[in-house]
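In UniProt numbering, the protein residues as written are 5 to 289. Don't be surprised by glycine CBs; every beta carbon is placed ideally from N, CA and C. Given the structure is predicted, the values throughout are model-derived calculations rather than measurements.
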Ligand code: PMP
């Protein structure tokens, strides 16, 4: 991703893609003091752009720093990046972090807070799983307690266990891993929320220790508009066996059907397909 043409917005300016570098002694590199957003533009418009900018600012606050730009400035910068990319459909990545500066210890109040935004083309996150259903493994890592880490921040530090989980799943021929939380309840995948269907009703974990995804909220709204009951609740491991359908939601994942989680199999049923299609229509509307 580093060696390509294009421009990246960095600290208020558009710079050449290849020159968008940071110093080795950047605080975020050593201590994970970084928050980010993943957004998608469809037909030239970023879906739920403002909600993503608001979450970015909120994530920074949760890990104890202030992004030195207003929501409106972040919105304008994203538009500038999207326009410069020449793309109609794009993935937009905004990232804010504690930079290199006076401090090199854990404390870094004097270091500058930086912001950068890039956009590129990114197709289906799970490849052809959209039709067949993604194959998921179960992660050995648990989503941590809210007493351990600010778990509603989209913060880099929370992704360390996601990368390890996803690598372990891929080594077994799976596309991703489902993670339980610290109590043993079903939580989410490594970069997407999870939904289940049983007897025409939808069940999804209560997001009390992980990201309440913007796509998740959109899909719950769509389901309720269709008069389908949605239960946001704690889901136990033993329940996996009884669910008929399963899908993932996320900005990158969009709505991706799940075919299996370890030994539990699901059908890519009518409701899953309907929600995936309705989501695609909505983001392009
Ligand atoms: N959980 C995790 C760990 C994620 O990385 C994402 C993607 N941001 C989500 C859930 C879904 O969030 P959203 O729908 O806002 O993209």
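Provide the residue(s) that pair with residue i in DSSP beta bridges, ordered along the chain.
i: residue 182; result: 142 and 193
i: residue 252; result: 198 and 260
i: residue 207; result: 200 and 235
i: residue 147; result: 185
i: residue 265; result: 140 and 268
i: residue 240; result: 189
i: residue 49; result: 46
i: residue 62; result: None; residue 62 has no bridge partner.
i: residue 289; result: DSSP output for residue 289 lists no bridge partner at all.
i: residue 159; result: 39
Label residue i either buried or exposed according to how many other C-beta atoms from any shown protein chain fall within 10 Å of its C-beta, with 16 as the threshold for buried.
i: residue 42; result: buried
i: residue 249; result: buried
i: residue 119; result: buried
i: residue 74; result: exposed
i: residue 209; result: buried
i: residue 222; result: buried
i: residue 82; result: buried
i: residue 230; result: exposed
i: residue 131; result: exposed
i: residue 285; result: exposed
i: residue 185; result: buried
i: residue 207; result: buried
Quick check on the DSSP output: the beta strand (DSSP E) that includes residue i runs from which residue to which?
i: residue 166; result: No beta strand (DSSP E) contains residue 166, which is instead part of the alpha helix (DSSP H) from 164-175.
i: residue 18; result: 17-20
i: residue 46; result: 38-46
i: residue 96; result: 94-102
i: residue 118; result: 117-124
When the Cα of residue i is compared with those of the options, which residue comes out closest?
i: residue 281; options: 226, 214 and 271; result: 226
i: residue 92; options: 106, 99, 125 and 101; result: 125
i: residue 168; options: 147, 153 and 265; result: 147
i: residue 276; options: 185, 181 and 199; result: 199
i: residue 291; options: 246, 212 and 14; result: The structure shown does not extend to residue 291, since the chain spans only 5 to 289, so no value can be given for it.
i: residue 183; options: 177, 166 and 176; result: 166
i: residue 78; options: 13, 131 and 142; result: 13
i: residue 264; options: 252, 10 and 230; result: 252
i: residue 153; options: 6, 67 and 32; result: 67
i: residue 214; options: 206, 204, 196 and 203; result: 196
i: residue 157; options: 64, 271 and 46; result: 64
i: residue 212; options: 191, 228 and 206; result: 191
i: residue 289; options: 143, 45 and 59; result: 45
i: residue 11; options: 76, 86 and 69; result: 86
i: residue 329; options: 121, 133 and 109; result: An answer regarding residue 329 cannot be provided, because it is not within the stretch 5 to 289 covered by the chain.
i: residue 128; options: 69, 194 and 94; result: 94
i: residue 205; options: 232, 33, 174 and 141; result: 232
i: residue 69; options: 17, 244, 16 and 31; result: 31
i: residue 58; options: 29, 272, 98 and 89; result: 98
i: residue 273; options: 217, 234 and 201; result: 201
i: residue 8; options: 89, 179 and 80; result: 89
Could you check whether the Cβ of residue i sits closer than 7 Å to any heavy atom belonging to the ligand NAD?
i: residue 60; result: Among the ligands modelled here, namely the ligand PMP, the ligand NAD does not occur.
Would you mind reading off the limits of the alpha helix (DSSP H) that contains residue i?
i: residue 78; result: 75-89
i: residue 226; result: 218-229
i: residue 14; result: Run containing residue 14: none in the alpha helix (DSSP H); it sits in the beta strand (DSSP E), 11-14.
i: residue 33; result: 31-35
Strictly under 8 Å for the Cβ-Cβ distance: is residue i near chain B by that measure?
i: residue 185; result: The chain inventory of the structure shown lacks chain B, comprising one protein chain alone.
* **Stretch-stretch touch, CB-based, cutoff 8 Å, three pairs: the segment 150-161 with the segment 29-47** => Cβ pair count under 8 Å is three or more, so yes.
* **Stretch-stretch touch, CB-based, cutoff 8 Å, three pairs: the segment 45-52 with the segment 111-119** => Contact between the segment 45-52 and the segment 111-119 is absent, because fewer than three Cβ pairs lie under 8 Å.
* To do: Inspect the CB distances between the segment 131-145 and the segment 248-264 and report whether three or more fall short of 8 Å.
  => Output reads yes: the segment 248-264 touches the segment 131-145.
* Report yes or no: do the segment 16-29 and the segment 231-245 share at least 3 C-beta pairs separated by less than 8 Å? => These segments do not touch.
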